[in-house]
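In my numbering, the protein residues as written are 10 to 202.
Read the structure below first, then the notes.
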């Protein structure tokens, strides 16, 4: 069954940043493969005048999630660096909303809703349904959709536009199953009109 885009829908692109792509400090190995698919979704939403939101880690140099500060990750997505930038291949429109998260030294944020104005912005635009894409499936994407469900958005996961780190081989698949258990609807490009 097709899912028809309508007024009140928004596209969320989670953390498509250079440091999370091959060559970056915390790469998702197959991350670049989803950029053309996300670009298709961007065209689809843009052509209907529907909002497009791109989230980004925007860390200070001494962020608590960095190994140098006792955190689990190598230094990544430091604000105003090339690693924190969106890749040139990602065709974000000029009117996309950029949401920066984990911007203070002492607080990490996996979810795009954590410590940001995302929910308020969506409410102000009367958004009811979210279509979520990006990196990485089992971390920031999962946390974002969990919060979206908690905040009572009808939430769709764009299965052809997410990619997992897969430290364990099934991490991405398990995250998708967890999303479905809490009410997230899996869809791909061919199922949207």
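Think of the CB as a built atom: it goes at the ideal place given N, C-alpha and C, for glycine as much as any other residue.
Please read these numbers as outputs of a predicted model, since none were measured by experiment.
Residue 68 - partner residues in DSSP beta bridges: Taking the first residue of the chain shown as position 1, residue 68 is located at position 59. 87, per the DSSP bridge assignment.
Own chain partners of residue 197 with C-beta closer than 6 angstroms, once the 5 adjacent residues on each side are dropped: In the chain shown, counting from the first residue as 1, residue 197 sits at position 188. Hits under 6 angstroms: 168 and 169.
Length of the line joining the Cα atoms of residue 199 and residue 47: Residue mapping note: residue 199 aligns to position 190 of the chain shown, counting from 1. Residue mapping note: residue 47 aligns to position 38 of the chain shown, counting from 1. Going by the C-alpha atoms only, they are around 13 angstroms apart.
Start and end residues, alpha helix (DSSP H) containing residue 152: Translated into positions along the chain shown, residue 152 becomes position 143. 151-159 is the extent of the alpha helix (DSSP H) around residue 152.
Residue closest to residue 122, alpha-carbon to alpha-carbon, out of 158, 99 and 40: Walking along the chain shown from the start, residue 122 turns up at place 113. The candidate whose alpha carbon is nearest that of residue 122 is 158.
Local Cβ density within 10 Å of residue 127, reported as buried at 16 or more and exposed below that: In the chain shown, the residue the question calls residue 127 occupies position 118. So residue 127 counts as buried.
Beta-carbon gap between residue 162 and residue 137 smaller than 8 angstroms: Residue mapping note: residue 162 aligns to position 153 of the chain shown, counting from 1. Residue mapping note: residue 137 aligns to position 128 of the chain shown, counting from 1. Against a cut-off of 8 angstroms, the Cβ pair of residue 137 and residue 162 comes out as a contact.
When 143, 68, 20 and 149 are compared against residue 89, the one with the closest alpha-carbon: The residue given as residue 89 occupies position 80 in the chain shown. Per the Cα distances, 68.
Cross-strand partners of residue 109 (DSSP beta bridge): Within the chain shown, residue 109 is the residue found at index 100, counting from 1. In DSSP, residue 109 forms a bridge with 65.
Between the CA atoms of residue 180 and residue 195 - distance to the nearest angstrom: Counted from its first residue, the chain shown places residue 195 at position 186. Counted from its first residue, the chain shown places residue 180 at position 171. Between residue 195 and residue 180, the C-alpha separation is close to 16 angstroms.
Classification of residue 188 by the beta-carbon crowding that lies within 10 angstroms, buried from 16 upward: Sequence index remark: in the chain shown, residue 188 carries index 179 (1-based). So residue 188 ends up on the buried side.
Reference residue 21, options 182, 171, 140 and 156, closest by Cα: Translated into the one-based positions of the chain shown, residue 21 becomes position 12. When each option's Cα is compared against that of residue 21, the closest is 140.
Limits of the unbroken beta strand (DSSP E) element including residue 20: Taking the first residue of the chain shown as 1, we reach residue 20 at position 11. For residue 20, the enclosing beta strand (DSSP E) stretches over residues 18-23.
Closest residue to residue 31 among 184, 202, 50 and 174 (Cα-Cα distance): Indexing the chain shown from 1 puts residue 31 at position 22. Nearest C-alpha to residue 31: 174.
As assigned by DSSP and simplified to three states, the class of residue 54: Position 45 of the chain shown holds residue 54. Correct three-state label for residue 54: helix.
Cβ shell of residue 101 (< 8 angstroms), same chain only, five flanking positions each side left out: Stepping through the chain shown from its first residue, residue 101 is reached at position 92. These residues qualify, in order along the chain: 22, 51, 61, 63 and 95.
Residue 191 classed as buried or exposed, judged by whether at least 16 other C-beta atoms fall within 10 angstroms: If you number the chain shown from 1, residue 191 lands on position 182. Residue 191 should be labelled exposed.
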